[in-house]
Amino acid sequence: MVIIGGGFAGLSAARGLARVDCDVTIIDRHNHHVFQPLLYQVATAGLSPGDIASPIRWILRNQPRLRVLLGIVERIDPAARQVWMDGRDLVGYDYLIAAPGVTHSYFGHDEWSPVAPGLKTLDDALAIRRRLLLAFEEAERERDAARQRFLMTFVIIGGGPTGVELAGALAEIARQALRSEFDAIDPASARILLIEAGPSIMPTFPESLRDSARRALRRLGVEVREGTPVTQVQDGRVLIDSEPVEAHTILWAAGVAASPIGRDLGPALDRAGRVMVEPDLAVAGHQEVFVAGDLACFTHQTGKPLPGVAQVAIQMGAHAAKNIARLMKNEPTKPFRYRDPGNMATIGRAAAIADFGWLRLSGYLGWLVWLFIHILFLIGFRNRLSVMLQWAAAYFTYQRSVRLITRNPDS
Ligand SMILES: Cc1cc2nc3c(=O)[nH]c(=O)nc-3n(C[C@H](O)[C@H](O)[C@H](O)COP(=O)(O)OP(=O)(O)OC[C@H]3O[C@@H](n4cnc5c(N)ncnc54)[C@H](O)[C@@H]3O)c2cc1C
Numbered sequence: 013m014v015i016i017g018g019g020f021a022g023l024s025a026a027r028g029l030a031r032v033d034c035d036v037t038i039i040d041r042h043n044h045h046v047f048q049p050l051l052y053q054v055a056t057a058g059l060s061p062g063d064i065a066s067p068i069r070w071i072l073r074n075q076p077r078l079r080v081l082l083g084i085v086e087r088i089d090p091a092a093r094q095v096w097m098d099g100r101d102l103v104g105y106d107y108l109i110a111a112p113g114v115t116h117s118y119f120g121h122d123e124w125s126p127v128a129p130g131l132k133t134l135d136d137a138l139a140i141r142r143r144l145l146l147a148f149e150e151a152e153r154e155r156d157a158a159r160q161r162f163l164m165t166f167v168i169i170g171g172g173p174t175g176v177e178l179a180g181a182l183a184e185i186a187r188q189a190l191r192s193e194f195d196a197i198d199p200a201s202a203r204i205l206l207i208e209a210g211p212s213i214m215p216t217f218p219e220s221l222r223d224s225a226r227r228a229l230r231r232l233g234v235e236v237r238e239g240t241p242v243t244q245v246q247d248g249r250v251l252i253d254s255e256p257v258e259a260h261t262i263l264w265a266a267g268v269a270a271s272p273i274g275r276d277l278g279p280a281l282d283r284a285g286r287v288m289v290e291p292d293l294a295v296a297g298h299q300e301v302f303v304a305g306d307l308a309c310f311t312h313q314t315g316k317p318l319p320g321v322a323q324v325a326i327q328m329g330a331h332a333a334k335n336i337a338r339l340m341k342n343e344p345t346k347p348f349r350y351r352d353p354g355n356m357a358t359i360g361r362a363a364a365i366a367d368f369g370w371l372r373l374s375g376y377l378g379w380l381v382w383l384f385i386h387i388l389f390l391i392g393f394r395n396r397l398s399v400m401l402q403w404a405a406a407y408f409t410y411q412r413s414v415r416l417i418t419r420n421p422d423s
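Quick note, my numbering runs 12 ahead of the 1-based positions in the sequence shown.
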């Protein structure tokens, strides 16, 4: 059994196979699993990388028949039932679960990537943290008022949960954490723009909650622009519709593209390159290959693809493992059915929106529920305790504990 990816789907699949009579190999290009929903907290100096990530070996240490390999899967050969790693190693399989997730998509403008970095890995988060904090440091040394304004202008492209969470946290840094620490600048005067090309931010939430998110962002001083596509991104400059905005920091939180290894499992791919899976999550024509998580495009339940969220990935990983166990017993596989536990996002300190279908929450109550659920789902007692303590301290002091500018991004 080979699992590609130690993300939410891969880990859930690995755990699902714990009591199945088989040898499992899990391959990941990083040695750690990252709790991506809290990456923005690392990027905005609220948490340390170690708080939201754990070594995959440690997480799965109690599964004696499982081995972990650190390596990049470059190619899958479904006909030969082989996976190629790092251009030199080959791993054979009887069954495969592909769960390598997705990456950023710049909608055909890959040249925007170095000037508008996205947030997907711990390295991305640390690079963004450095960029944000350096902007204020440079502004403090700057004498020219126009350049100071430029340095303290931040543009976030994409009004989904990641963009909204980044904008809210950044506004809090500027207006609260850094407030009285500089002499030449007033960090609270930083300009933060959140740009969404579609008609509304947070499009997957009901209108009442979107409105609540908009209000919370505006209270924090974030300029929210909806229905305004970004048409050009250059170093230090974006064109919003046709309006040029000069900004030192531009962050990308729009669009995803599937892992390129999905192409080996095609030809049925959607526009983002995700693999269109069968109702049981298998790949058409390959009953022994399953796709789980963000890489899977699953439309069988509602006619619309399931969203790329952690719960979908967790449930898919577990389901793929169960189907493999069924196949090993010569039983037929079962179709996947997603049980939607709800959707939530936070907008800074003490404000969040949560949609559980039967219950919609916003503001302080939404935030308390958001806190509780995120702490619950973090992996490891140490991480839960550490995050809880840091959030409690941040709540009472308005401080961000990890405001470190490091060149070597490993702290
Ligand atoms: C910034 C951010 C915020 C988010 N916020 C939320 C949220 O609030 N709520 C929510 O539900 N969801 C959120 N999501 C989405 C959620 O994190 C994803 O849906 C989920 O991580 C998908 O799980 P996965 O296992 O498919 O992929 P991932 O978790 O991305 O895991 C994929 C794994 O595969 C590995 N990998 C990739 N390619 C290769 C390769 N070629 N070879 C070897 N290994 C490889 C990666 O290193 C990674 O460990 C967020 C995502 C991001 C990026």
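Idealized CB from N, CA, C, for every residue including glycine.
- If one requires a minimum length of 3 residues, the beta strand (DSSP E) runs lying completely within the stretch 196-283 are 203-208, 234-238, 242-246, 249-252, 255-258, 261-264, 268-270, in chain order.
- One Cα belongs to Gln48, the other to Thr174, and the distance between them is close to 10 Å.
- A check of alpha carbon separations from Ile417 across Ala147, Ala183, Leu232 identifies Ala147 as the nearest.
- In this structure, the beta-carbon distance from Val167 to Leu138 does not fall below 9 Å.
- With a threshold of 8 Å, the Cβ atom of Tyr118 does not count as near ligand 1, since no heavy atom of the ligand is closer than that.
- Taking a cut-off of 8 Å on C-beta distances, the stretch 67-86 touches the stretch 25-45, as three or more cross pairs fall below it.
- In the structure shown, Gly130 adopts extended strand secondary structure according to DSSP, grouped into three states.
- Under the three-state reduction of DSSP output, Asn342 falls in the coil class, being neither helix nor strand.
- In this structure, Pro49 has its beta carbon less than 8 Å from a heavy atom of ligand 1.
- When the beta-carbon positions are compared, Gly274 and Arg286 come within less than 9 Å of each other.
- Around Thr409, the same chain offers no residue with a beta carbon nearer than 8 Å, after the five sequence neighbours per side are excluded.
- The beta-bridge partner set that DSSP reports for Met97 consists of Val85, Asp101.
- In the structure shown, Ile336 falls within a helical segment according to DSSP collapsed to helix, strand and coil.
- Looking at the DSSP output, Gly375 shares a beta bridge with Ala364.
- Ile365 is a Cβ neighbour of Leu221, given a cutoff of 9 Å.
- Residue pairing from DSSP places Ile109 in a beta bridge opposite Ile15, Phe302.
- Straight-line measurement puts the Cα of Leu190 at about 57 Å from the Cα of Ala91.
- Exclusion of the five residues before and after Ser201 leaves Met164 as the residues of its chain whose Cβ lies within less than 7 Å of its Cβ.
- At a Cβ-Cβ threshold of 9 Å, Gly113 and Gly329 do not count as neighbours.
- Cβ neighbours of Arg69 within its own chain (closer than 8 Å, five residues either side excluded): Asn43, Val80.
- Per DSSP, Met356 is one residue of the beta strand (DSSP E) stretching across 355-358.
- Taking every protein chain shown into account, the CB of Met288 has 16 or more other CB atoms within 10 angstroms, so this residue is buried.
- By the Cβ rule, the stretch 214-229 counts as touching the stretch 353-360, because three or more pairs are nearer than 8 Å.
- Put simply, the stretch 256-273 touches the stretch 113-126. At least three CB pairs are less than 8 Å apart.
- With fewer than 16 other beta carbons inside 10 angstroms of its own, Tyr376 counts as exposed.
- Under the three-state reduction of DSSP, Phe348 is assigned to coil, being neither helix nor strand.
- Contact between Val234 and Ala179 holds: CB atoms are separated by about 5 Å, below the 8 Å threshold.
- Counting only runs of 4+ residues, the alpha helix (DSSP H) found wholly inside the stretch 24-98 occupies 51-55, 61-64, 68-71, in chain order.
- Counting other Cβ atoms within 10 Å of its Cβ, Glu149 stays below 16 and is therefore classed as exposed.
- In the three-state scheme derived from DSSP, where H, G and I count as helix and E and B as strand, Phe310 is classed as coil.
- Distances from the CB of Val381 to the heavy atoms of ligand 1 are all 8 Å or more.
- Within the model, the alpha-carbon separation for Pro279 versus Met97 is close to 22 Å.
- Relative to the non-hydrogen atoms of ligand 1, the Cβ of Ser271 comes within a distance shorter than 8 Å of at least one.
- Relative to the non-hydrogen atoms of ligand 1, the Cβ of His45 comes within a distance shorter than 8 Å of at least one.
- For Arg222, the shortest separation between its Cβ and any heavy atom of ligand 1 does not lie below 8 Å.
- Here Tyr107 has Met13, Glu300, Ile336 as same chain residues with Cβ atoms under 6 Å from its own Cβ, once five neighbours each way along the sequence are excluded.
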